[in-house]
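Beneath this line is the structure, given in structure tokens, with notes to follow.
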Ligand SMILES: [Zn+2]
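Residue numbers (the working numbering): 1 to 468.
This is the structure in structure tokens:
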């Protein structure tokens with residue numbers, strides 16, 4: 001039995017690990033490397049293994065850095081089943097189709113350039129037809145159900161509370177004498193204080209654990225500060241300065257969290273009487289998926305939904321926008337309002353249009369609610385650039401730039417330790433750390449060793465680790 005990480009090894013994207021056990025090759029996630037440049041594109045285009053040799057895929061959750069390369073896996077000959085939870089399946093469909101659309105648009109743009117240079121055209125990594133083909137291989141299961149893969153191997157999922165449907169994967173492998181070894185892959189771990197989702201579930205006693213370490217060296221701000229801060233920003237921008245508050249946010253998870261905070265402010269009469277627009281067709285669809293899987297919400301919000309407020313993603317003056325015409329109409333609007341729109345890093349989506357129309361007005365504010373890669377438009381705005389280029393034109397950044405950093409969907413170092421220190425630590429023969437930058441994983445390694453784990457490894461890319 002051994003494990004190889006072909007992605008998310010000393011980096012945060014491209015999650016893709018092969019577990020060889022009980023005569024099977026099991027792929028744990030098959031995600032995209034994200035970021036700019038030719039190197040990423042090359043990594044995403046070329047699997048360092050033969051997809052035809054993979055027997056099963058176990059998918060931890062729908063985020064593109066965990067699921068984005070599945071259509072290509074199928075395109076290149078994978079014929080097995082892709083197991084995930086029901087909510088993950090629905091979100092993956094949404095996100096993979098969006099990913100296909102982005103790739104087709106990117107390829108068109110590149111091919112226009114290539115045509116001028118007389119160079120041959122390139123193909124998109126996959127298109128929507130490939131996504132629909134890939135979805136045929138999905139097999140939906142639920143948490144805590146044992147699924148038998150062959151006579152020596154079975155697995156189950158537990159909830160990690162990271163996004164709706166997210167799971168840790170526990171693979172049980174039996175030897176000829178019937179002795180069991182458990183390998184746990186945590187996928188991405190959520191928060192123990194979460195407004196909407198249920199909290200991460202305890203993992204079973206495991207012999208080997210592969211743990212994510214995105215924030216292995218960081219503690220998050222207290223989540224309780226979010227409501228107060230957001231209200232302050234709304235009042236300063238919309239009441240005092242009569243401006244617009246633009247909130248770039250990822251459509252899945254982050255948008256719903258912000259809506260829920262605003263919903264609470266509205267329900268308690270604290271939110272000033274201003275209109276709130278959610279301008280992103282994907283966010284509208286993702287919100288619908290979350291509503292359908294409300295049984296996965298935490299007990300507190302479920303109780304509120306049963307008694308006081310049946311729809312935590314809807315309140316007076318909240319408007320969901322799908323139609324492009326309605327989105328464009330917001331540009332002409334002069335009254336103060338809040339606009340929540342994707343993408344979070346401001347590289348694509350409708351938020352770029354809202355920035356273009358609002359960034360030069362000093363009465364407006366841009367509220368950054370998540371991590372922005374430094375090279376992205378969001379990253380440049382966050383780092384204080386006074387001028388930025390949007391759709392080829394330079395704009396002065398006169399709007400106020402604000403941040404809200406307590407909304408992370410990832411556990412911080414204390415939460416990671418709480419998650420991984422269940423059961424008997426001495427029985428864990430190997431703890432492999434992935435999904436983090438080197439400094440974060442090294443810091444987490446030290447913390448794990450001091451806590452009592454014997455063999456803690458920061459996984460190296462493409463290196464096989466024996467699990468014995
Ligand atoms: Zn994730």
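For each residue, glycine too, the CB sits at the ideal point set by N, CA and C.
Beta-carbon distances below 5 Å to any heavy atom of ligand 1 define the shell here; list its residues in chain order, please.
Result (chain order): 63 and 188.
Measuring only the C-alpha atoms, how far is residue 354 from residue 397?
The straight-line gap from Cα to Cα measures roughly 13 Å.
Looking only at its own chain, which residues have a Cβ that is under 7 Å from the Cβ of residue 341, when we skip the five neighbours before and after it?
248, 279, 280, 349, 350, 351 and 354
Within a Cβ cutoff of 7 Å, which residues of the same chain sit near residue 321, ignoring the five residues on either side of it in sequence?
277, 278, 279 and 327
Would you mind sorting residue 64 into buried or exposed? The rule is 16 or more other CB atoms within 10 Å of its CB.
buried
State the start and end residues of the unbroken alpha helix (DSSP H) segment that holds residue 108.
86 to 117
Which runs of the beta strand (DSSP E), 3 residues or longer, sit entirely within the region 319 to 397?
337 to 341, 365 to 368, 387 to 390 and 393 to 396
From the DSSP output, in three-state form, read off residue 407 for me.
Assignment of residue 407 by DSSP, reduced to helix, strand and coil, places it in the coil class.
Report the option in 160, 186 and 170 whose CA atom is closest to the CA atom of residue 194.
160
Continuous alpha helix (DSSP H) stretch holding residue 446: start and end:
438 to 451
Of all the beta strand (DSSP E) runs that stay within the bounds of the region 28 to 93, which reach a length of 3 or more residues?
Counting only runs of 3 or more, we get 56 to 58 and 81 to 85.
Got a sec, what are the start and stop residues for the beta strand (DSSP E) residue 427 sits in?
Here residue 427 belongs to no beta strand (DSSP E), and DSSP marks it neither H nor E.
Within 10 Å of its beta-carbon, does residue 472 have 16 or more other beta-carbons around it, so buried, or fewer, so exposed?
Nothing about residue 472 can be reported from this structure: the residues present for the chain run from 1 to 468 only.
I'd like to check one pair, residue 392 with residue 369: are the Cβ atoms closer than 9 Å?
no
If we ignore side chains and look at the alpha-carbon of each, how far apart do residue 442 and residue 458 end up?
7 Å
Do residue 426 and residue 447 have their C-beta atoms closer together than 9 Å?
Going by C-beta atoms, residue 426 is not nearer than 9 Å to residue 447.
If you count every other CB in all the chains shown that lies within 10 Å of the CB of residue 73, and 16 or more means buried, which is it?
By the neighbour-count rule (16 or more Cβ atoms within 10 Å), residue 73 is buried.
Can you tell me which residues form a DSSP beta bridge with residue 154?
In DSSP, residue 154 forms a bridge with 148 and 172.
Taking the alpha helix (DSSP H) that residue 233 belongs to, which residues open and close that run?
225 to 234
Going by beta-carbon coordinates alone, are residue 462 and residue 15 separated by less than 9 Å?
No, these two residues do not count as a Cβ contact at 9 Å.
Ends of the beta strand (DSSP E) at residue 279?
275 to 279
Inter-residue Cα distance where the pair is residue 48 and residue 374
28 Å
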